[in-house]
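Under my numbering, the letters of the sequence shown match residues 755 to 1068, in that order.
Ideal placement from N, C-alpha and C gives every residue a C-beta, glycine not left out.
Reviewing the structure listed below.
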Amino acid sequence: MKLETHPDLQVELGALRLRVPTLMGSGCYGSGEEYAPFADLAEIGAVVLKSVTRLPRLGNPTPRLAVTPSGLLNAIGLQNPGIEHYLAHDVAKFASRPCAVVGSVAGFSVDDYAYVTQRLAVRDEIHAIELNISCPNVGSEGETFACDANLAEAATKAARAVTAKPLIVKLSPNVTDIAAIARVVEGAGADALAVINTVRGMAIDVDRREPRLGNAAGGLSGPAIRPIAVLAVWNVAAAVRIPIVGQGGIESARDALEFFLAGASAVSIGTGNFTDPRVPLNVTSGLRTYLAQRGAGSLREIVGTANPGFLGPA
Ligand SMILES: Cc1cc2nc3c(=O)[nH]c(=O)nc-3n(C[C@H](O)[C@H](O)[C@H](O)COP(=O)(O)O)c2cc1C
């Protein structure tokens, strides 16, 4: 199949060059293979793998998902086999993906972030690392790093010190000033920022009189959080010069365009894939149509153009 190249949708996240600016959100796209029957992976930019931790994790008690109006609450709890099992049994399978593969690292200490990043990043199958310092579903520990500027800086520096591969740091919306955290993370050596992870929330079953999630609280994703995410990108884009991967509730090209116009260089699609695995392909074709109709030769031309404060990737 001949892949379209015009208008130009290429994006660079540090040294990670993507032909199209769509990443598949961590925890929402398996390792890509699961979606191959529904979508040609050559037509997406990258798959971000499920976050992996130093030790195996069973995750939270069930139920782990609850559907809410225009949104999805999840509290998976970082279920994963741990880095050693992952390296021995899973990573080799990622070599055959026709798109870029981004490993996602989660941790509970600065040393965890350094250790897991170092172990994962040396593998050729992994083209970039996303540092998940913003998981709201593992008690307060998971998010602590994204909610405290000193810890966000320390985790980023520790990961930066052990790899030269592109480093994307994923920020939390559950803070007072996301732009301040973004600035610190940029200074600590991140190549790009993922904005945003899920928004903390809860739903209660009024008949059973208890929270609907086994973990009680969870992280909200999907269209319900899109305005929160667009504002976060808008604010971060006025604070840093490194590229932003905008995410939160994207289900169409027009949704994605809100993020690009606010200052994102790329977008990530998570929950949207659950309802329609063709969302990423629709986003790409819709972006091409939008740009062509406006006589734009590249996506870059419109990034940040709605945002007077946009600093732009240098
Ligand atoms: C079921 C589920 C599991 C997720 N697991 C992870 C994860 O392991 N690591 C991570 O960084 N983000 C995780 N996320 C967050 C998504 O990658 C994404 O940042 C967030 O859901 C917002 O985008 P969306 O509205 O397009 O889903 C998860 C989200 C969902 C819904």
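- Taking the Cα positions, Cys-889 is about 37 Å away from His-760.
- The closest heavy atom of ligand 1 lies less than 7 Å from the beta carbon of Lys-924.
- Ser-1019 is positioned such that its CB atom lies closer than 8 Å to that of Pro-1067.
- A distance criterion of 7 Å places the beta-carbon of Ile-979 in contact range of ligand 1, judged by its closest non-hydrogen atom.
- Shown here, Gln-872 sits in a helix according to DSSP, grouped into three states.
- Leaving aside the five residues that flank Leu-1045 on each side, the residues in its chain whose CB is nearer than 6 Å to its CB run, in chain order, Pro-761.
- For Ser-1006, the shortest separation between its Cβ and any heavy atom of ligand 1 does not lie below 7 Å.
- DSSP, read as helix, strand or coil, puts Ser-975 in strand.
- Across the set Lys-804, Arg-851, Cys-853, the C-alpha of Lys-804 shows the shortest separation from the C-alpha of Leu-874.
- Rounded to whole angstroms, the gap between the alpha carbons of Val-864 and Pro-927 is 21 Å.
- Taking the Cβ of Ile-982 as the reference point, every heavy atom of ligand 1 lies at 7 Å or farther away.
- If you draw a 10 Å sphere on the C-beta of Gly-1003, you find 16 or more other C-beta atoms in it, and that means buried.
- Looking at the backbone, the Cα of Ile-996 and that of Asp-959 are separated by about 43 Å.
- Straight across, the Cα-Cα distance linking Tyr-789 with Ala-796 is about 12 Å.
- Per DSSP, reduced to three states, the secondary structure at Leu-885 is strand.
- DSSP lists no beta-bridge partner residue for Ala-769.
- If you check the CB distance, Gly-943 and Ala-992 do not come in under 8 Å.
- Taking the Cβ of Ser-824 as the reference point, every heavy atom of ligand 1 lies at 7 Å or farther away.
- 8 Å or more divides the Cβ of Val-845 from the Cβ of Glu-884.
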